[in-house]
Structures are given as structure tokens and as C-alpha cells.
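J.: With positions in the sequence shown counted from 1, the corresponding number in my numbering is that position plus 5.
The C-beta atom is built at its ideal place from N, Cα and C for all residues, glycine as well.
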Amino acid sequence: MSYQVYSAPDSANLVVQMILEQLDASYELCWLNRGQGEHRTETYLRLNPQGLIPTLVDGEHAVFETAAIALYLGQKYGQLVPASDDSVAYSRCLQWLFYLSNTLHADLRIQFYSDRYRPDDSEPEVFLTKVRARVLGHFKLLDEQLHKHSPDGWLLGEELSVCDFYLAALARWAALYPQGQAIAAEDLLSLPALNDFLIRMEQFPAVSRSIADQSVFGGLLRYPDPPDLPPAMVVG
Ligand SMILES: N[C@@H](CCC(=O)N[C@@H](CS)C(=O)NCC(=O)O)C(=O)O
6 MSYQVYSAPD SANLVVQMIL EQLDASYELC WLNRGQGEHR TETYLRLNPQ
56 GLIPTLVDGE HAVFETAAIA LYLGQKYGQL VPASDDSVAY SRCLQWLFYL
106 SNTLHADLRI QFYSDRYRPD DSEPEVFLTK VRARVLGHFK LLDEQLHKHS
156 PDGWLLGEEL SVCDFYLAAL ARWAALYPQG QAIAAEDLLS LPALNDFLIR
206 MEQFPAVSRS IADQSVFGGL LRYPDPPDLP PAMVVG
């Protein structure tokens, strides 16, 4: 049976799609038009009461939150997530997955949608500069972690995991959104282990195929290009 992934171009569904591709799972992308508020309809809110993208539907079961979907799929297939009875490896996976979700992705949302978070009396550029510096600090920490397993390893060590696909997408968006005001790609790529990681992640067909499905015809992860679509359809 095929999964349904509620999606918008270059949104967090990209992480889910890359994982499904890597697992060779059958899935269908259900596109929502964010410009027309299709992620806020009553029908969609029944699946994801936050009104955020993505949601994965597996038969009668709907799961939201990117990290939770990643864990659900990895465990279901017994791939890309260490077995839960290996408590050390499993806790390492949870640790980095939560870091990516609760810290990096959460702060990236502030970078993408700074107007929602910025105090009314603060200068937009000053606020965004602070947020970008915070986000870059998170990537530095991740670079140090990747460095421990370089040149052939991944975020958790020797084994590729869902965390790697999540990190790859977060690095792509960090250098892209908000368009014209994102972190400079050169700043991210000056982190050597991260740069090397992104080069290797770009080689996965699961990555290139999934990004192509977002209507992206140029750079994937390192010098990312936005989807070739009207801006209203593409917001972080
Ligand atoms: N914590 C959520 C964040 C998802 C998220 O930020 N989704 C964005 C698209 S990348 C979204 O739905 N944005 C619409 C909005 O914030 O109004 C998750 O990991 O699923």
C-alpha cells in the first residue's frame, strides 16, 4: 500500500520524501497550495491540527512532525534508525534527531518567518542577523560532530540514518530562505565536514530525485536554487 505525503514545494515534506525514496517505499505526494491556504482547511487540520506541512498518511494512521515521521518510517522498515534494543545507538539517534528538530529546525523557522517572531519595535535586519548567527552556530556544532566520523561517516557514525536526510534538507533551506536574506552558502560551506557531507549527500538518487520533484532545476544542497515556481507557492 502506498503512503500519502501532504506536501508543498521545497517544504519539510522533502525530508520525508528523501527517506521514502531511500527506503524504496511506494508513496504519493498530495500537493497543498500554501498561497491559497490549503494547509489550513478543516479537512487538513483533522490530519495535522498545527496546519503545518508535512503529514504522512499510512492507511488509517496519520503522523505529523517531520522527526516523528522519520522515526516511524525508519522503525517500520528496520532501516535508517538503529534498533531500539541497542539503547546506546538508539539514544544517539534520538539525541540528534531531536536536536535537528527542536533546535535547528525550530530556529530556522524563525529565520524563514522572522516577521512572526520579531518584537514590533525591533529592526528587521538586526533581528534576522541575530537569528542567522544562532543558526550558523548550530551548524558549527553539527560540523564538529560530522568531523568525528569523517571522511566516510555520517552524523551518527558509520551508518547512514534518517538524521542525515533531515540535516541535508535543513542545510539546503538555511542557504536559501528567506530568499535574498538567507545565510550565505559560503559561510555554511566554510564548515569543512559539513561541506564534505553535503557533497556526499548530493550523490544519493533519493536526494536528487526528491529535490527535482520540488521543481528545482539547479543547485541541490551546496549552492541551492529555489523551485522554479511563483514565490507564493514557496515559503521556507
Ligand atoms: N515542526 C514542524 C515544522 C514543519 C514546518 O515548518 N512546515 C512548514 C513548511 S517547511 C509549514 O508548514 N509552514 C507553514 C506555516 O508555518 O504557516 C515539523 O517538523 O513538521
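Taking only runs that begin and end inside the region 22-88, name each unbroken beta strand (DSSP E) of 3 or more residues, in chain order.
T.: Counting only runs of 3 or more, we get 32-36, 60-63, 66-69.
J.: Please confirm if the region 39-57 is in contact with the region 100-108, defined as three or more CB-CB distances below 8 Å between the two stretches.
T.: Short answer: they don't touch.
J.: Have a look at P54 and R39 and give me their C-alpha separation to the nearest angstrom.
T.: The residue given as residue 54 occupies position 49 in the sequence shown. The residue given as residue 39 occupies position 34 in the sequence shown. Near 16 Å, if we compare the C-alpha coordinates of R39 and P54.
J.: Is there at least one non-hydrogen atom of ligand 1 closer than 7 Å to the beta-carbon of E43?
T.: By 1-based counting over the sequence shown, the position of residue 43 is 38. Checking every heavy atom of ligand 1 against the Cβ of E43, none is found closer than 7 Å.
J.: If you drop the 5 nearest sequence neighbours on each side, which residues of the same chain put their C-beta closer than 8 Å to that of P87?
T.: As a first step, residue 87 is located in the sequence shown; it is residue number 82 there, counting from the start. The answer, listed in chain order, is A94, Y95, R97, C98, L161, E164, S166.
J.: So, helix, strand or coil for S12, using DSSP?
T.: What you label residue 12 is simply residue 7 of the sequence shown in a count that begins at 1. Three-state result, S12: strand.
J.: Would the beta-carbon of P54 be found less than 7 Å away from any heavy atom of ligand 1?
T.: Locating residue 54 in the sequence shown gives position 49, counting from the first residue. No, since every heavy atom of ligand 1 falls outside the 7 Å radius drawn around the Cβ of P54.
J.: Using only the alpha-carbon positions, how far apart do G241 and S89 sit?
T.: Position 236 of the sequence shown, counted from the first residue, corresponds to residue 241. Position 84 of the sequence shown, counted from the first residue, corresponds to residue 89. At G241, the pLDDT of 41 sits below 50, so the modelled position is not reliable and the matter cannot be decided from this model.
J.: Looking at the unbroken alpha helix (DSSP H) that takes in R97, where does it start and where does it end?
T.: Counting from one through the sequence shown, the residue named residue 97 turns up at place 92. Where R97 is concerned, the enclosing alpha helix (DSSP H) stretches over 92-103.
J.: With A180 and A190 assumed to form a contact (beta carbons below 8 Å), what rounded beta-carbon distance in angstroms separates them?
T.: In the sequence shown, counting from the first residue as 1, residue 180 sits at position 175. In the sequence shown, counting from the first residue as 1, residue 190 sits at position 185. Indeed, because the Cβ distance is near 4 Å, the residues count as touching under 8 Å.
J.: Would you call H66 buried or exposed, if buried means 16 or more other Cβ atoms sit within 10 Å of its Cβ?
T.: If you number the sequence shown from 1, residue 66 lands on position 61. Classification of H66: exposed, given that the 10 Å Cβ count is below 16.
J.: Beta-carbon within less than 7 Å of L194's beta-carbon, same chain only, minus the 5 sequence neighbours each way: which residues are those?
T.: If you number the sequence shown from 1, residue 194 lands on position 189. Same-chain partners within the cutoff: N200, R227.
J.: With a 10 Å radius around its C-beta and 16 neighbouring C-beta atoms as the bar for buried, classify F222 as buried or exposed.
T.: Looking up residue 222 in the sequence shown gives position 217. Flag for F222 reads exposed.
J.: Please list the segments of the alpha helix (DSSP H) lying wholly inside the region 176-231, counting only runs of 4 or more residues, in order along the chain.
T.: Listed in chain order, they are 190-194, 197-207, 210-217.
J.: Taking 8 Å as the threshold (C-beta atoms), are L105 and L196 in contact?
T.: On the sequence shown, position 191 is the one that residue 196 refers to. On the sequence shown, position 100 is the one that residue 105 refers to. No, these two residues do not count as a Cβ contact at 8 Å.
J.: Can you pull the DSSP bridge partners for G162?
T.: Counted from its first residue, the sequence shown places residue 162 at position 157. According to DSSP, G162 bridges with W159.
J.: Please classify A176 as buried or exposed, where buried requires at least 16 other C-beta atoms within 10 Å of its C-beta.
T.: The count along the sequence shown starts at 1 and reaches residue 176 at position 171. Answer is buried; the Cβ neighbour count reaches 16.
J.: Can you list, in chain order, the stretches of the beta strand (DSSP E) that have 3 or more residues and sit fully within the region 130-156?
T.: As far as the region 130-156 is concerned, it has no whole beta strand (DSSP E) run of at least 3 residues.
J.: Quick one, which of G83, H143, E130, D91 has its alpha-carbon nearest A111's?
T.: Position 106 of the sequence shown, counted from the start, is the residue given in the question as residue 111. Of the listed residues, the one whose Cα sits closest to A111 is H143.
J.: Can you give the Cα-Cα distance for D157 and F209, rounded to whole angstroms?
T.: Residue 157 sits at position 152 when you count from the first residue of the sequence shown. Residue 209 sits at position 204 when you count from the first residue of the sequence shown. If I take the Cα positions, the gap works out to 14 Å.
J.: Which residue from G42, V10, N18, E43 puts its Cα closest to that of E33?
T.: Position 28 of the sequence shown, counting from 1, holds the residue named residue 33. It is V10.
J.: When burial is assigned at 16 or more other CB atoms within 10 Å of the CB, is R6 buried or exposed?
T.: Sequence index remark: in the sequence shown, residue 6 carries index 1 (1-based). This sequence places Met at residue 6; Arg is not what is there. Classification of M6: exposed, given that the 10 Å Cβ count is below 16.
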